[in-house]
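J.:
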Amino acid sequence: MALFRIGPASETITLLHGEGVYLRPLQMRDFEAWASLRERSRAFLTPWEPTWPGDDLTRSSFRRRLRRHHKEIETGEAYAFLVFHQDDTLLGGLTLGQIKRGVVQSGTLGYWIGAPYAGKGHMSRAVRTVVNFAFGPLRLHRIEASCLPSNDASIRLLERIGFRREGYARAYLRINGLWQDHLLFALLETDAAPLRAPHRV
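Residue 1 is where the sequence shown starts when you use the UniProt record's numbering, and the numbers rise one by one after that.
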């Protein structure tokens with residue numbers, strides 16, 4: 001992990017290196033690549049995501065998103081990253097959000113991958129990288145994740161990394177315009193997870 005500045009002195013963000021990928025928070029210069037990948041992947045992503053706002057892929061919407069993400073990082077509420085191949089190609093995005101402290105010490109994992117890059121192991125490597133960040137520098141105890149029961153790729157990804165299925169939540173999230181059931185998963189810092197990548201600085 002490395003820390004570097006992207007603007008004012010208060011805006012220090014985190015760069016995470018993984019196996020063949022790296023993760024960093026959004027920057028305004030990412031807009032065109034982000035919007036292009038999201039648009040090209042719209043049909044692929046629509047079944048698994050909340051309905052996109054009408055202005056979702058506009059520059060002004062991206063700027064609002066960027067401000068929100070940077071504020072959440074500053075307050076420690078959430079860490080939203082873009083995922084890049086080591087050759088700087090944008091692959092997708094990943095968020096460790098809803099971070100709770102006190103007696104809970106947990107966060108919630110969410111992710112998306114661009115259609116051209118799905119099924120190639122990129123997101124598995126990105127998730128392993130953020131798990132190391134969560135259980136390392138963030139000192140979390142638990143990471144939670146959920147997915148639709150029909151999302152076989154996401155189920156395989158989570159189980160491969162070591163997440164355990166803990167439950168079934170009815171009408172849990174509004175996805176693609178409908179309240180849909182979800183499978184609930186969690187990973188503890190004490191769980192054995194042999195496929196976690198070693199932490200790199």
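No residue lacks a Cβ here, since even glycine has one placed at the ideal position from N, Cα and C.
1) DSSP on E77, reduced to helix/strand/coil?
2) Less than 8 Å between the CB atoms is what I'm expecting for L157 and V130, so what's the real figure, rounded?
3) For A153, tell me which candidate among S124, A78, G107 has the shortest Cα-Cα distance.
4) Suppose you measure from the CA of I113 to the CA of V103; what does that come to, to the nearest Å?
5) For R38, count the other beta carbons within 10 Å of its own beta carbon; 16 or more makes it buried, fewer makes it exposed. Which is it?
6) Counting along the chain, where does the alpha helix (DSSP H) carrying D152 start and finish?
7) How far does the beta strand (DSSP E) with T95 in it reach, from first residue to last?
8) From the DSSP output, which residues share a beta bridge with S106?
9) In whole angstroms, give me the CA-to-CA distance for T190 and F163.
10) Taking all protein chains shown into account, decide if A145 is buried (16 or more other Cβ within 10 angstroms of its Cβ) or exposed.
11) Mark L187 as exposed unless 16 or more other C-beta atoms lie within 10 angstroms of its C-beta, in which case mark it buried.
12) Can you look up T58 in the DSSP assignment and give me helix, strand or coil?
13) Taking only the alpha-carbon atoms, compute the straight-line gap between I143 and A134 and give it to the nearest angstrom.
14) DSSP state of W192, grouped into three classes?
15) Just to confirm before moving on: does the CB-CB distance between A115 and S41 stay below 8 Å?
16) For Q105 versus L140, is the C-beta distance shorter than 8 Å?
17) Starting from the C-beta of residue 204, find all residues in its chain whose C-beta is less than 8 Å away, skip the five residues before and the five after it, and write them out in chain order.
18) For E74 and D30, I'd like the C-alpha separation in whole angstroms.
T.: The answer reads as follows:
1) The count along the sequence shown starts at 1 and reaches residue 77 at position 77. Reduced to three states, the DSSP call for E77 is coil.
2) Looking up residue 157 in the sequence shown gives position 157. Looking up residue 130 in the sequence shown gives position 130. L157 to V130, Cβ: 12 Å. No contact.
3) If you number the sequence shown from 1, residue 153 lands on position 153. Checked all of S124, A78, G107; the closest Cα to A153 is S124.
4) The residue you call residue 113 lines up with position 113 of the sequence shown. The residue you call residue 103 lines up with position 103 of the sequence shown. Whole-angstrom Cα-Cα distance: 33 Å.
5) Position 38 of the sequence shown, counted from the start, is the residue given in the question as residue 38. Counting Cβ neighbours within 10 Å, R38 comes out buried, since at least 16 surround it.
6) Translated into the one-based positions of the sequence shown, residue 152 becomes position 152. Element bounds for D152: 152-161.
7) In the sequence shown, residue 95 corresponds to position 95, counting from 1. Per DSSP, T95 belongs to the beta strand (DSSP E) from 90-100.
8) For the purposes of this step, residue 106 is taken as the residue at position 106 of the sequence shown. Answer is K100, R142.
9) Here residue 190 is taken as the residue at index 190 of the sequence shown, counted from 1. Here residue 163 is taken as the residue at index 163 of the sequence shown, counted from 1. For T190 and F163, the distance between alpha carbons rounds to 12 Å.
10) If you number the sequence shown from 1, residue 145 lands on position 145. Its Cβ being crowded by 16 or more others within 10 Å, A145 is buried.
11) The residue labelled residue 187 in the question sits at position 187 within the sequence shown. It counts as buried.
12) To locate residue 58, count along the sequence shown from 1; it is residue 58. In the structure shown, T58 sits in coil (DSSP, three-state: anything other than H, G, I, E or B).
13) In the sequence shown, residue 143 corresponds to position 143, counting from 1. In the sequence shown, residue 134 corresponds to position 134, counting from 1. If you take the alpha carbons of I143 and A134, they lie about 8 Å apart.
14) In the sequence shown, counting from the first residue as 1, residue 192 sits at position 192. As written in the sequence, residue 192 is Ala, which differs from the Trp given in the question. Three-state DSSP puts A192 in coil, outside helix and strand.
15) Translated into the one-based positions of the sequence shown, residue 115 becomes position 115. Translated into the one-based positions of the sequence shown, residue 41 becomes position 41. A contact, by the Cβ cut-off of 8 Å.
16) Taking the sequence shown and counting its residues from 1, the one referred to as residue 105 is at position 105. Taking the sequence shown and counting its residues from 1, the one referred to as residue 140 is at position 140. A contact, by the Cβ cut-off of 8 Å.
17) The structure shown has nothing for residue 204, since the chain only spans 1 to 201.
18) For the purposes of this step, residue 74 is taken as the residue at position 74 of the sequence shown. For the purposes of this step, residue 30 is taken as the residue at position 30 of the sequence shown. Their backbone Cα atoms lie some 20 Å apart in a straight line.
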